[in-house]
Amino acid sequence: MPPVTTHHSSQGAQQHLFELSVQKTVENHVFFTPNGGGSWNSLPEFPTSAEILADRPAFLPENPVDEPWSSKEEYLEAQYRILRCEGTEGLRSSVAAFANETLRGREMVDDGSTCIYTAVRVKSYTMAKLGPIVRVEFSTKRSRYRIKWQQSKRLTPGTIVAISTKEDSFQTVCKIAAVAQRLYRDGLDQSPPLVDLMWARPDEAVLDPELELVMIESRASCWEALRHTLVGLQHFSLTTSPLIKYLTGSNNTDTSPDFVRNCPRMDLSSIAHRGTNQDKPTIFALSNYDVTSDGTIQGVDDLTTLDPSQLRGLQRIISKEMAIVQGPPGTGKTFTSVEALKVMLATRHRQGGPPIIVSAQTNHALDLLLAHCLDAGAEIVRVGGRTEHPRIMEHSIYQTRFRWKAGPDTIHVMKALERARKINISEIQALVRSVFCDELLNPKALLDAGVITLAQYESLCDDTMETHRDIAARGPFALWLGDSLISARITQDKYPSQDDRAEEQAKLVADEFEFDGDLDNIADDEEDQDRIQGTEIKLAHVWTGREPGHIGAWQHEADHQLRYYEDLYEIEPALRGVVYRQLQAALLAAVTPNFTKLLARSVEISRKLKAIRWKRDVQMVNALNIDIVGCTTTGLTKYRGLIAALHPRSMLIEEAAETREANVTSALYPSIQQLILVGDHQQLAPRCDIHWLGEEPYNLNVSLFQRMVNLKTPFVMLNQQRRMKEELRKIISPFYPDLTDHPVVLSQANRPDVPGMGGRNCWFFDHTWPEEANSDQSKFNQEEAQMITGFVAYLVANGTPNDIVILSLVRSPRPGCNYAVGFLEDQRRAVVAISRARRGFYVFGNLENMLGAHEGSLNLWGTIWNGFAEQRRVNRKLGLPIVCQQHHAETWIKEVDDWGDKAGGCDLKCQQIRPCGHLCTLNEPCRQILGCGHGCQKYCSEPSNPSAMLQAEVNRRKQQAQMSQPPTSQRNIQQTASGRGNGSRRGHRGGRGNFGNHGRSSIAGPSTTNAQGRGKQQQAHAVPLPPPTMLLAPNAGSRMAVLAPISGPIPTGPSNPRNSSTRWERFTANIEQHERNLHQQARSNHHGWRSWRRAQSSPETIMAVTTLPADLVPLPKSRHLLSKAEKSITAPIDPPIQRPPPKISLAQKMLLIPRPPARNPRLC
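Read left to right, the sequence shown gives residues 1 to 1164 (full-length UniProt numbering).
In structure tokens:
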């Protein structure tokens, strides 16, 4: 028994030490407050007024990326100061410009980059769990344009603003606040909306609702995305890490972390994907493999799907302190990461240990990686919100709390803090109501605050009040003011009352924006949505004194009257109104210091609540034995205290080459022994909001991943790609000379050629069509977009899948203008653009412009051009070749009009035997089947009249219903529904939006009726259509088309012959009415067919073009969201029609958008 007791005592002591460590770590982060000294690691969390009011940027150290640092302190200070400058420089320069213009007596205009808000006044304070939030109203009269707030990115959560008084206008006064949320009522686009702010310093809070303020916002950067990283760097300066030698470059020794050296044998059996019973000895050896042994993992080539480079990458991930794996396009970076995590998880399950931290730059990449971990059987927790993945939502930390109950001690502390918070709110309410009360001021409050003397107080409250009880009921000041008492509404509230907080919160919708802040990410997860709500305390006087004459002169006189008269009744009645106003202002000034102290107390309570929540979460993660904790790279520093308290040893970061170096460095908690970086520095790079800070010598757009590669830190590059066909891979080979092809991409079955292109799976179409610019100087190329539109229509008509990328380069100067490339001069962006395709890649652009802009552009695009030219995939003279799949005839497309009659590939007749047995005499097979069962013999562009066809069928059914004997023979009813009465949609692979074409997907199976009158509906047959084609372009302004599935083919025809006529008429009438509605909508939306034709030549160059299968239709309500190019190339498709059932939903009717008539009446 004694040994057992000793064992339990030892475990209890270890648990107690662990809990103390957790508490210390969490509190060190939550209550961390730099002292504001001169050194960089003493600077406060928010910018100071001195920083924002400075005339010029602060001095910045250089940030070399190709040489080591002399010390940890020098390295961290450079990272900190450059990053802080990025967060403050935009606002500093905007405030300086505004102050200078005001000093010169001029009004600075809101130009969109510097946003100026005037007539700013405080409306109320909300005492939320997050802390005190101030609600303000403002004017945007200095803006040149009307602001659509629900689409605007102004005042997005996390942005910092500078606030000054109107009189000072940033000459000496500058208060800093962070945007918490923008509020809309009933989803309407108010202009402007109400905005909630959080003061950076509670002692700078404004309580006076009459004080007119001015507010400046810079659109250059979002402070909230930076401040957690800055605080994390300050934390890192106070601790040590075994990885600092890699960061400074002082020692690149390729070693293993301590926990791996102490226990080097890991379970690698999970990589034996093809293992059988005969391979048990090998698998057994893998289950106890020494990962620190020299050389690669042996004996698994036939057992695993990992290629040799992936095996080397996996071994580095699981065994090295600084593990860097570069993954060129299509080489399986994520797959390798997941396989390495499987090994680490298997080892953790056997040996124990803390959870593994998994992170990525974007929410999408993180959720994808975590979903793979779930498939591997891992227990995960997703910290932070912003996930739309249904499986990951279930594992968010917010949802996980519902599956675990905190201990009684934790619950007790949280309840005590909640009580303290409510007491604090009550004290703030009482103080505010002493100033902003429903009745007149209480003289006792004025006496207690030292605003009036005892004699003045007694003069108001003498016995003469008894003779005027009706007036005295409203307070002593009612009798004293007399006719000078008026209702006080300084600024009329444009919005409804918010007295009922619960009801109002249901009406308010926070702006959708990724807000990673201590305003604990307002939109970050469900908990944060709750924490922004609270008790609202409005700031407004109900009664005040009359204001005679100019307010400034009377304020001076009111001060004189209060100092001179001890008996307030000796003040002239005409002056009492302004004296009362002065008393209100004096009382407000007297209580403001106490108000700010109570706000500071509220912030302290909020921090204590945050600390207890983080302690509870640490206990929960350990109790549930969580294997993997996932969050974005922003979350690594936002939740630094929580994650550090878990004492993790390993951290894996996907998309590491897109992540800022400071984000990674600040997340190196003291317990981290192993850092795993997976990415590709030759593709996307970190984004820098201040352009000049991304260049030499500051290099903010260089990631830690790239710098480690520059410093020759050992890394593994994956070199076998499984994405692109060989000829596409050859285009990027100059950038990745060691890249090879996996057999899967060499197989014609896995990567077939692009239909209709004659085996040419890539092409560079060169042209000289000039670009244009819109009002905001965004570039577009009308003829290039029109050419791509025709090409897409051709690809779609020939059955092209979504494995094709079309790149529109857009830029093409007019004669006499300078060459300019735009951001495609960046090699990393270009590599991303040319490496997305799997089966086909086609570039449209002005080659001369791309080569002539400057030397860097010449080297980059000359290399890309050679990749096409060496494979004979260019012809600047003839244009673009297409090949008819039926006759193998080749046609060259040089101009936009050449697409007019080439949708099938050539001009020859089809000569295909139709299912009905007839020989097709058209240039293209028409897929329309008539009621007789024969194929339609019209040309595809000749208009049919589906409404007339439906009416003919109605008439025939009326005659049939009048017959005494019910029909006994089977009848095949085939009808075509159309979105317009003079023609159906494309029935074949015809042309560019030919309005007169027959229904391309309208073939429906027959419906049989037996002698007893019971209908038996056969399965509808829909002509198979190709899936979508994907397009890319360097213009991020366009939007994607929205598609909505319907539940299968639409059955037509009545199921009950007794009332067949009535039901069929009702159905056809609904279709015809819907046609008329859609026509009217199309005309109103696009201002007639001329505007529609112009829309085909769209300036927008990112287009999602989809050929819809028979059970998909465009959503009508989303049509107005499509770009012009999307409208011109998204072909409406008729759903197949059979006999109608007794009930049919509106979505299953003719949800189509009409197309304009074709240019050429005979199309192939």
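For every residue, glycine included, the Cβ atom is placed at its ideal position computed from N, Cα and C. Predicted, not measured: the structure shown is a model, and the values here were computed from it.
Bridge-paired residues (DSSP) for residue i
i       : result
Gln-720 : Thr-740
Gln-171 : Bridge partners of Gln-171: none, in fact.
Gly-679 : Gln-326
Pro-881 : Trp-892
Leu-197 : Val-134 and Val-179
Ile-804 : Gly-840
Tyr-125 : Val-134 and Ile-537
Whole-angstrom distance between residue j and residue i, CA atom to CA atom
i        : j       : result
Gln-181  : Gln-150 : 12 angstroms
Gly-105  : Gly-112 : 21 angstroms
Pro-44   : Arg-814 : 52 angstroms
Pro-1099 : Lys-779 : Confidence at Pro-1099 is low in this model, with a pLDDT of 34, below 50, so its placement is unreliable and the value that follows should be read with caution. Using only the alpha carbons, I get a separation of about 8 angstroms.
Lys-507  : Val-383 : Unreliable placement is indicated for Lys-507, whose pLDDT of 29 sits below 50; the coordinate value is still reported in the next sentence. The alpha-carbon atoms of Lys-507 and Val-383 are separated by roughly 28 angstroms.
Met-757  : His-887 : 13 angstroms
Leu-155  : Trp-223 : 12 angstroms
Gly-679  : Phe-335 : 12 angstroms
Ala-645  : Arg-616 : 11 angstroms
Leu-460  : Lys-444 : 10 angstroms
Ala-99   : Lys-141 : 18 angstroms
Tyr-698  : Asn-63  : 5 angstroms
Thr-535  : Arg-722 : 57 angstroms
Gly-482  : Glu-439 : 15 angstroms
Glu-339  : Ser-93  : 49 angstroms
Thr-172  : Thr-88  : 18 angstroms
Counted within 10 angstroms of its Cβ, other Cβ atoms place residue i as buried (16 or more) or exposed
i       : result
Leu-700 : buried
Ile-844 : The question names Ile, but residue 844 in the sequence shown is Phe. With 16 or more Cβ atoms within 10 Å of its Cβ, Phe-844 is classed as buried.
Val-435 : buried
Asp-196 : buried
His-228 : buried
Cys-115 : buried
Arg-144 : exposed
Gln-298 : exposed
Tyr-580 : buried
Three-state secondary structure (DSSP) of residue i
i       : result
Leu-17  : helix
Ala-406 : coil
Ser-459 : helix
Gln-326 : strand
Met-757 : coil
Gln-181 : strand
Tyr-639 : coil
Ile-380 : strand
Phe-31  : coil
Leu-897 : In the sequence on display, residue 897 carries Asp and not Leu. Here Asp-897 sits in helix by DSSP.
Tyr-246 : helix
Ile-411 : helix
Gly-12  : helix
Trp-763 : strand
Chain-order list of residues whose beta-carbon lies under 8 angstroms from that of residue i (same chain, five-residue window excluded)
i       : result
Ser-250 : Pro-68 and Trp-69
Ile-612 : Thr-410, Val-413, Met-414 and Leu-417
Asn-875 : Pro-881 and Trp-892
Cutoff 6 angstroms; reference residue i; Cβ partners in own chain excluding five residues on either side
i       : result
Pro-670 : Thr-239
His-273 : Thr-304 and Thr-305
Gly-879 : Trp-892, Ile-893 and Lys-894
Lys-597 : none
Contact set for residue i: own chain, Cβ-Cβ below 7 angstroms, skip 5 residues either direction
i            : result
Gln-885      : Pro-755, Gly-756, Asn-798 and Gly-905
Gly-295      : none
residue 1173 : The structure shown does not extend to residue 1173, since the chain spans only 1 to 1164, so no value can be given for it.
Any non-hydrogen atom of the ligand MG within 7 angstroms of residue i CB
i      : result
Ala-13 : The ligand MG is absent from the structure shown, which contains no ligand whatsoever.
Test: residue i CB closer than 8 angstroms to a CB of chain D
i       : result
Val-300 : Of the chains in the structure shown, none is chain D; there is only one protein chain.
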